[in-house]
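One structure is given below, encoded as structure tokens.
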Amino acid sequence: MAKLSPLPLILQLDSRLPSRSVTRGSWLILAYWIFALVVAVVHVLPIIPRQQPARGFAIYNNIRIQSSFLFPMFQASAFCLVLRVKYQQLHRELESCVASASRSVALEDQGTETKSVTSAHDDLREKLFGEGEQDGEELEDASKCPPSCFALEELRLVHLALARLTSRLARSFTPHLMYVIPTYFMLTCASFFELYKSMENGKEATVHAIYSVLLVLHPTVLAVAFYLLRTERDRTWRVVHGFPLSHLPRRLRQQLVFFSSQLLHAAPAFSVAGFVSVDPNFILEMIGVVTTYLSIMISFR
């Protein structure tokens with residue numbers, strides 16, 4: 001699996017976007033994966049005989065195997081939550097720019113009468129002095145724009161950095177998901193079938209039941225984390241389109257058009273090598289397949 005180290009780049013964004021401490025969701029994700037690892041170890045303890053000389057090594061080997069499955073999924077879900085917080089901060093900055101531009105438009109509407117008096121003089125000056133004077137006028141109009149609007153280019157670069165990190169996140173965990181999803185499918189079917197047999201025989205199966213449920217929740221947590229990140233990323237469209245384009249200088253309008261084209265091309269897809277889309281629909285499909293396969297196994301014993 002490719003190595004992913006987006007944390008230095010994420011921390012560089014803090015110079016522009018003030019960051020909070022680790023979010024509550026990140027702590028919940030961390031607690032969930034630790035609990036899943038503990039349940040996986042407790043579940044396998046009865047399988048290892050107490051009289052086995054290398055019982056400690058067998059337990060350690062099981063922890064290592066379980067960690068190789070769980071830790072990359074924890075990394076992916078935690079990075080998704082961190083990037084989602086960064087997108088939220090970016091959207092707050094963009095919304096402040098939209099509000100500032102809207103206030104400037106309101107002030108311009110109040111001074112419409114004054115501008116109408118000088119419009120004829122401006123047209124005459126444009127005809128006399130040509131495009132050079134027109135460019136100077138545009139620079140003058142841009143200088144009158146609210147200061148927060150000049151942060152648009154910097155925010156666009158921040159969004160580009162976030163999009164690159166999101167693309168690296170989606171690409172880096174694709175190989176892991178390629179073998180995790182079939183493995184969890186087989187483990188889930190076998191685990192629930194064993195749970196059904198133990199309940200049929202009247203045996204105690206509390207830990208095994210928790211382990212079986214967690215096998216279904218592992219890809220669910222990852223899919224929900226990807227879905228939350230994608231939803232927050234798509235919200236940039238609505239924020240950028242809130243600018244009053246008709247009242248802004250031409251240079252800023254060009255920046256907004258360039259920003260919109262960047263939103264169109266910098267949209268990574270969260271999928272497993274392009275075959276399976278990692279979203280809540282994937283979880284519903286997986287549950288349907290597992291249910292069908294389990295019904296066949298139970299019918300034929």
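Residue numbers (full-length UniProt numbering): 1 to 301. Note that beta-carbon positions come from the ideal geometry of N, C-alpha and C, so glycine has one too.
Is it true that the stretch 184 to 191 meets the stretch 94 to 104, where meeting means three or more beta-carbon pairs spaced less than 8 Å apart? Touching, no, given that fewer than three Cβ pairs across the two stretches are closer than 8 Å.
Count the other CB atoms, across all protein chains shown, that sit within 10 Å of the CB of Asp135; report buried if there are 16 or more and exposed otherwise. Its pLDDT being 45, under 50, Asp135 is placed unreliably in this model, and the coordinates cannot settle the point.
With distances taken between CB atoms, is the gap from Phe173 to Pro72 smaller than 8 Å? yes
Nearest CA to the CA of Ser261: which residue from Leu160, Val289 and Ala76? Leu160
Residues in the same chain with beta-carbon distance under 8 Å from Thr231, minus the five sequence neighbours each way, listed in chain order, please. none
Through-space distance from Leu70 to Lys293, alpha-carbon basis: Note that residue 293 is Tyr in the sequence shown here, rather than Lys. The straight-line gap from Cα to Cα measures roughly 24 Å.
Rounding to the nearest angstrom, what Cα-Cα distance links Asn281 and Glu153 in this structure? Cα to Cα, Asn281 sits roughly 36 Å from Glu153.
Nearest residue (CA-CA) to Leu263, options Ser299, Thr166 and Val224: Thr166
Which value, in whole angstroms, describes the spacing of the CA atoms of Val240 and Ser77? 27 Å
Taking the alpha carbon of Phe74 as the reference point, which residue from Phe300, Leu222 and Val39 has its own alpha carbon closest? Ranking the options by Cα distance to Phe74, first place goes to Leu222.
Check this for me: beta carbons of Leu217 and Cys80, under 8 Å apart or not? no
Cα-Cα separation, Ala225 to Phe258: The C-alpha of Phe258 is placed about 29 Å away from the C-alpha of Ala225.
For Pro182, which of helix, strand or coil comes out of DSSP? helix
For Ile287, which option in Pro219, Leu162 and Val38 has the closest C-alpha, if you only look at C-alpha atoms? Pro219
N-terminal and C-terminal residue of the alpha helix (DSSP H) that Phe173 is part of: Phe173 -> no alpha helix (DSSP H), and no H or E assigned at all.
Give me, in chain order, the residues of the same chain whose beta-carbon lies closer than 7 Å to that of Tyr196; leave out the 5 immediate sequence neighbours on both sides. Ile298
Anticipated Cβ contact below 8 Å, Tyr227 with Leu162, distance rounded: Not quite, the Cβ-Cβ distance comes to about 17 Å (not below 8 Å), so this is no contact.
Thinking just about the alpha-carbon of each residue, which of His91, Ile29, Ile34 and Leu37 is nearest to the one in Asp234? Nearest C-alpha to Asp234 among His91, Ile29, Ile34 and Leu37: His91.
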